[in-house]
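What follows is a short report on a single structure.
Residue numbers (our numbering): 6 to 378.
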């Protein structure tokens, strides 16, 4: 049901968004979009009401959106601005707010469209930068968010992808944020909850955890391998600056770490394959397939001893493993999706290929159910 206000629709384009799927890791885009739009609306209000020193009480809360639908096809969340909420919090201002909300959307679209042709503002207010840093942080190469109803300078719908996002954010400030799932070595512990971790990708990083976890989980584990899932800040050359948020951090067994390293070394070998590796045919594993395989390895490292890694002729990577009397295959095609299938070793049962758009919660739940982990 509409709340009587303006409606905005975003379209997520990429294999993992087909079938109206919206992975949990990108849901944070929706409040980020709202915060970015609200930041622009606040700026416009201040410009048009120069005589007022402060925003009206309830202004921020009056810019409230409801997720009313995710339409079929590629995931298309529709957000309705709640005029009713605006009327309750700022009586008599709902018409003006309606105009501000519409104008703010246009400004966001112009900002992103201009970034596509390397036109950037000299600066942005900090509130807009914070929201922009969160919008699209979960996108992967080849994916984009389209702002339906918009038209860019090229006559096409305006979109945000990883390239535009990085270019735009690093033009108005020196850094941008992205998610990192991987491994490291615990090199330092402080009683206040700060941990030092050495990573292959970003060198030494500082990660803060609850103080209780220091004594319970990390004390005595200096030099141990750890599995990490964090939001990090990088500069325009992708050099690490800081950790922004921590999603997951656990010590893993030394033997598990050794097996994980063998898998990572094998992935590095596959990364160097060239066209024709299979007797004159065979495509090299794509960057998307390697990335999906690395994500899977980071999410499920404890079975690494059972993994056997091979390239596929079509540019993918396949993990084979024997678990519980079953011979399973976890395949990462060239588009970065994932599918799992298997046969019973001493029987006739089989599992037909089950496809998932990405190594997300839905696939991991299916994998755990099949492997008994």
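Built from N, CA and C at the ideal position, the CB exists for glycine as well.
Residue range of the unbroken beta strand (DSSP E) whose run includes residue i
i: residue 358; result: 355-361
i: residue 201; result: 199-204
i: residue 181; result: 180-194
i: residue 304; result: Element bounds for residue 304: not the beta strand (DSSP E) but the alpha helix (DSSP H), 292-304.
i: residue 36; result: No beta strand (DSSP E) holds residue 36; the alpha helix (DSSP H) holding it covers 34-53.
i: residue 315; result: 313-316
i: residue 85; result: 81-87
i: residue 149; result: 149-152
The alpha helix (DSSP H) enclosing residue i, as first and last residue numbers
i: residue 74; result: Here residue 74 belongs to no alpha helix (DSSP H); instead the beta strand (DSSP E) covers 70-76.
i: residue 115; result: 99-120
i: residue 21; result: Note, residue 21: premise wrong, no alpha helix (DSSP H); not H, not E.
i: residue 171; result: 167-177
i: residue 64; result: 64-67
Sequence-distant residues of its chain with Cβ nearer than 7 Å to residue i (five each side left out)
i: residue 357; result: 346
Backbone CA spacing between residue i and residue j [nearest angstrom]
i: residue 144; j: residue 17; result: 9 Å
i: residue 279; j: residue 288; result: 7 Å
i: residue 63; j: residue 101; result: 14 Å
i: residue 30; j: residue 56; result: 42 Å
i: residue 298; j: residue 52; result: 50 Å
i: residue 238; j: residue 202; result: 16 Å
i: residue 300; j: residue 343; result: 11 Å
i: residue 233; j: residue 211; result: 12 Å
i: residue 133; j: residue 376; result: 45 Å
i: residue 121; j: residue 173; result: 9 Å
i: residue 266; j: residue 131; result: 41 Å
i: residue 50; j: residue 373; result: 51 Å
i: residue 316; j: residue 292; result: 12 Å
i: residue 324; j: residue 367; result: 18 Å
i: residue 290; j: residue 35; result: 33 Å
i: residue 209; j: residue 181; result: 19 Å
Residue i - partner residues in DSSP beta bridges
i: residue 331; result: 328 and 349
i: residue 372; result: According to DSSP, which records beta bridges pairwise, residue 372 is partnered with nothing at all.
i: residue 319; result: 288
i: residue 16; result: 151
i: residue 337; result: 322
i: residue 344; result: 336 and 360
Cβ-based neighbour list, residue i, same chain, cut-off 8 Å, excluding 5 preceding and 5 following
i: residue 33; result: 139, 142 and 143
i: residue 215; result: 198
i: residue 360; result: 342, 343 and 344
i: residue 98; result: 61, 67 and 91
Neighbour flag for residue i against chain C, beta carbons, 7 Å
i: residue 128; result: Looking at the structure shown, chain C is missing, and only one protein chain is on hand.
Spatial neighbours of residue i in its chain, beta-carbon cut-off 6 Å, leaving aside the 5 residues before and after
i: residue 163; result: 114, 117, 118, 152, 155 and 157
i: residue 178; result: 134
i: residue 94; result: 63, 66 and 67
i: residue 371; result: none
i: residue 22; result: 79 and 80
task: Would you list, in sequence order, the uninterrupted alpha helix (DSSP H) runs of no fewer than 4 residues that lie entirely inside the region 207-289?
output: 259-276
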